[in-house]
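Count along the sequence shown starting at 1, add 53, and that's the number in this note's numbering.
Taking it in order: structure first as structure tokens, then the write-up.
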Amino acid sequence: ERLVGSEMCIRDRQKRGKVMRLTFLGADHEVTGSCHVLQACGKNILIDCGMEQGNDVYENQELPVPASDVDYVLLTHAHIDHSGLIPLLYVNGFRGKVYTTEPTVQLCEIMLKDSAHIQMFEAEWKNRKAKRSANNAVVEPLYTMEDADGVIRRLVPCHYNTIVEVCEGVKIRFTDIGH
Numbered sequence: 054e055r056l057v058g059s060e061m062c063i064r065d066r067q068k069r070g071k072v073m074r075l076t077f078l079g080a081d082h083e084v085t086g087s088c089h090v091l092q093a094c095g096k097n098i099l100i101d102c103g104m105e106q107g108n109d110v111y112e113n114q115e116l117p118v119p120a121s122d123v124d125y126v127l128l129t130h131a132h133i134d135h136s137g138l139i140p141l142l143y144v145n146g147f148r149g150k151v152y153t154t155e156p157t158v159q160l161c162e163i164m165l166k167d168s169a170h171i172q173m174f175e176a177e178w179k180n181r182k183a184k185r186s187a188n189n190a191v192v193e194p195l196y197t198m199e200d201a202d203g204v205i206r207r208l209v210p211c212h213y214n215t216i217v218e219v220c221e222g223v224k225i226r227f228t229d230i231g232h
């Protein structure tokens, strides 16, 4: 099988037909906008869904599946370049669980609401500025406070160093690795 872009595919050596595919969508050529898709056990799992910060030098790939087909998000930590687009994923139909550590849940409750506030404020500011220049184009925020709250309700706090079964065939464990 030929792989496209930045993908890695692992086949089952016992020939049971099981395949795991990892696709690198964001932070592939840079250190911001982390987003990876793990397809395993018939599930679509995102590992992070981060917002670009600074100059957007590289164009990240689109999700290979609709947001509504994403089953889970595994959030490595709360930094906006790892978590900041999860509310946009929610806007586009994601309704799965977001697994992360307890401290990350606590931080995301603050940071995602703050990011939504910034999105809303910037859209409002751009719309006021456009009215002064007779530009009638309306700018919508990437996501709102309600969208951030929708994601926050889907956060699943996990203890460090504890194996968590996400679904049949997929188990995770969060550990400190020092980022």
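We put the CB at the ideal spot given by N, CA and C, even for glycine.
This one's a predicted model, so the numbers in the text were calculated from it and none came from an experiment.
key: Backbone secondary structure at H135 - three-state DSSP   = It is helical.
ask   = Whose CA, out of A187, V126, L138, R226, lies closest to the CA of A262?
value = Since the displayed the chain opens at 54 and closes at 232, residue 262 lies outside it and no answer follows.
message = Helix, strand or coil, according to DSSP, for L116 in the structure here?
response = L116: coil per DSSP, three-state reduction.
Residues near H135 in its chain [Cβ-Cβ closer than 7 Å; skip 5 each side] = S87, D101, G103, L128, T129, listed in sequence order.
key: Length of the line joining the Cα atoms of D124 and D167   = If you take the alpha carbons of D124 and D167, they lie about 25 Å apart.
request  = Measure how close the beta-carbons of Q172 and P194 come, nearest whole angstrom, since I'm counting them as under 8 Å.
outcome  = Right, the Cβ-Cβ distance comes to about 4 Å (below 8 Å), so this counts as a contact.
message = Quick check on the DSSP output: the alpha helix (DSSP H) that includes A93 runs from which residue to which?
response = Note, A93: premise wrong, no alpha helix (DSSP H); beta strand (DSSP E) at 88-93.
key: Where N189 sits in the DSSP three-state scheme   = Looking at N189 - three-state DSSP - the assignment turns out to be coil, as it is neither helix nor strand.
ask   = Around the Cβ of Y213, are there at least 16 other Cβ atoms within 10 angstroms (buried) or fewer (exposed)?
value = By the 10 Å Cβ count, Y213 comes out exposed.
key: Per DSSP, the bridge partner or partners of T153   = Answer is P210.
query = Hey, how far is the Cα of N180 from the Cα of N188?
reply = If I take the Cα positions, the gap works out to 9 Å.
request  = Would you kindly check if the distance between the Cβ of V192 and the Cβ of A176 is under 8 Å?
outcome  = Going by C-beta atoms, A176 is nearer than 8 Å to V192.
ask   = When you compare each of E162, L99, A93 to S121 by their alpha carbons, which one comes out closest?
value = For S121, the closest C-alpha among the options E162, L99, A93 is that of L99.
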